[in-house]
Amino acid sequence: MKKQFIQILFGLICLPAVSQAQELTLTLERTIEIAADSSLEAFRSKNMFLAGYWQYRTYKADRLPSMTLNLTPAQYYRDITRRYDSESDIDVYRKQQSYYAGGNLEIRQNFDLLGGTFTLDSDLGYIRNFGDNTYSQYTSVPIRIGYSQSLLGYNPFKWERKIEPLKFEKAKKELIYNIEQLSEQATSYFFSLAMAQAEYDLAKENVASTDTLYWTGQERHKIASISRAELLTLKLDAVNARNTLQNAEIALKRAMFSLASYLNFDKNTEIHLRLPSRPRDMEISVEEALALARENNPTFLGLRQQILEAEQQVDRTKKEALFNASVNASIGFNQVANKFSDVYRDPLQQDVVSVSVSIPLIDWGVRRGKHNIAKNNLNVTQISAKQEELSVEEDVIMTVGDFNIQQNLIRSAEEALNLAITAYAETKQRFIIGKADINSLTLSLNRQQEAQRNYISALRNYWQSYYKIRKLTLHDFSTGFSLSSEFNYKNGL
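Numbering-wise, the sequence shown is residues 761 to 1253 according to this note's numbering.
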């Protein structure tokens, strides 16, 4: 299983595909390995995980200091603007022509606990005015430290700390869940082809058998050992057997094409299967499966995420319904000079402190309405989550029960198949020597074919139940190891 994860996570983006028609013999285990490595579903699941992975990486990067360089290399301004002439006590229009260049280097650090932001920055600017009074000036802020904080408002950083790690954990377990779902789907395609191959083999065997019996019936009819009606029945069986063989061949090609397409093989690939042997007895406890499902199933993580996001919306609307106060403060140095050599000399202290308050007076209940909507949505989400949890738990209970029963059914189906094969062989031999009639032979053949189908169906139900339990619990009960604990994704693709 671990090898499958590594192939999924570190494989090439381009899916490997078999470009030339070929003949393959597959076991169930090999079919599942190919599905996890090369199917289109595997490719989709991998990219879904990578989207979650990079979202989490973005969240983690946003918790680290960021550095930004803002530059204005050249800004030329020429316009006629209105100015107040204090000597004449009138407004006049004057030409204005200037050139500006400047830059700012800023480092920002979010403070998750309180939801504020620290800043550390440095500025440098140059301006030159043209016209009758031409002059140049430099301005600088060698260093400035600031902090901005919403005192009573909504803190998004606090909720991100709760939600984003949970979303990434869900993305990891969803990848494992999807891989196990691939195993379940591959098992379905595998046994669909196995059943089609069995039907085709039975049909071929039936054609050969009915031809032999018809020939035998002709010889026995010559000596009046059987009636003409019985001979015609044998001939009808031979004709029907050929028709059944043609239909079985069509069904076989369809099932083979479906499996080849699912595994991303060439559509003309001829696949032969080797059925798995009867599995060893294994009893799975319902209580253990439920506990593992609650711990590992991504559905439960998704429900927790939905509740947290609903609680987040309640908190947001509650804070927005109240008055909001914020504070912005900074301390640093600045200077202005006509020469660049003087712009960093003897800088003056720069202090800025501002407190702002926003008080809603009349909004006709808009904010309160949004808060009530958010609270109702939270209640709905909690109820829906409880229903979904019960649905998953019921699925686990029913699947475990089916799995435990299937082991007994396989033993019974295997025993019935052996008995049916032996009974048909003896009945066929007795018919050839004239000690059994055509009805006994037909009934014995039908029982053998039905026993073959039942055995393949029992195997199919067993393995599908097994891989469904693995999917629901993300646990390998045959080895006792948790599939989620084997997940180890390293940075760098």
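Here a beta-carbon is modelled for each residue, glycine too, at the ideal position from N, C-alpha and C.
Every value quoted in this text rests on a predicted model; they were computed, and no experiment measured them.
Membership of Met1158 in the alpha helix (DSSP H) is indicated by the continuous run Val1126 to Ile1192. If one requires a minimum length of 3 residues, no beta strand (DSSP E) run lies completely within the segment 899 to 985. For Glu1071, the uninterrupted alpha helix (DSSP H) run begins and ends at Pro1058 to Ala1081, by DSSP. Residue range Leu788 to Ser798 is occupied by the alpha helix (DSSP H) that includes Ser798. If you draw a straight line from the Cα of Asn1098 to the Cα of Tyr898, it comes to about 6 Å. Taking C-alpha positions only, Phe803 is separated from Arg921 by approximately 30 Å. Annotation: Ser948 to Leu991 spans about 42 Å, alpha carbon to alpha carbon. Between Gln857 and Phe890, the C-beta spacing is below 8 Å. By the Cβ-count criterion, Tyr1184 is buried, with 16 or more other Cβ atoms from all chains shown falling within 10 Å of its own Cβ. When rounded, the separation of the alpha-carbon atoms in Pro925 and Tyr813 is 10 Å. Collapsing the DSSP output to three states places Phe1100 in a helix. Per DSSP, Glu1043 is not a residue of any alpha helix (DSSP H), being assigned neither H nor E. In the same chain as Arg854, and ignoring 5 residues on each side of it, the C-beta atoms closer than 6 Å to its own belong to Arg843, in chain order. In the three-state reduction of the DSSP assignment, Phe890 falls in the strand class, which pools E and B.
The alpha-carbon separation between Glu1047 and Asn915 amounts to approximately 40 Å. Phe871: member of the beta strand (DSSP E) spanning Ile850 to Phe871, first to last residue. Met808 and Gly913 have their C-alpha atoms some 34 Å from each other.
Nearest neighbour of Leu1203 by Cα position, chosen from Ser1217, Arg1213 and Lys1188, turns out to be Lys1188.
Taking 8 Å as the cut-off, the beta carbon of Ala1145 is found no closer than this to the beta carbon of Ile1031. Cβ contact annotation for Val1156 (same chain, cutoff 6 Å, sequence separation greater than five): Ala1049, Leu1050, Ala1053 and Leu1232, in chain order. When rounded, the separation of the alpha-carbon atoms in Phe1025 and Ala956 is 19 Å.
For the pair of segments examined, the segment 1112 to 1119 was found not to touch the segment 932 to 939: the number of CB pairs separated by less than 8 Å stays below three. In this chain, the beta strand (DSSP E) harbouring Thr828 covers Ser826 to Asp845.
The segment 1153 to 1171 and the segment 1208 to 1223 touch, with no fewer than 3 CB-CB distances between them shorter than 8 Å. Leaving aside the five residues that flank Leu831 on each side, the residues in its chain whose CB is nearer than 7 Å to its CB run, in chain order, Gly863. In the DSSP secondary-structure assignment, Asn1084 is bridged to Ser1118. Where Arg1034 is concerned, the enclosing beta strand (DSSP E) starts and stops at Glu1030 to Arg1034. Look at Gly876 here: in three-state DSSP terms it is strand. Partner residues in the beta bridge of Gly885, as assigned by DSSP, are Gly862 and Thr899.
DSSP places Phe803 within a helical segment (H, G or I) once states are collapsed to three. Residue state for Gln782 is assigned as coil, using DSSP reduced to three classes. The DSSP-derived three-state label of Ala1089 is strand.
The alpha carbon of Glu1043 has as its nearest neighbour, out of Ser1238, Lys806 and Tyr837, the alpha carbon of Ser1238. The Cβ neighbour count for Asp881, taken over all protein chains shown within 10 Å, is at least 16; the residue is labelled buried. In this structure, DSSP gives Phe809 a helical state, which the three-state scheme calls helix.
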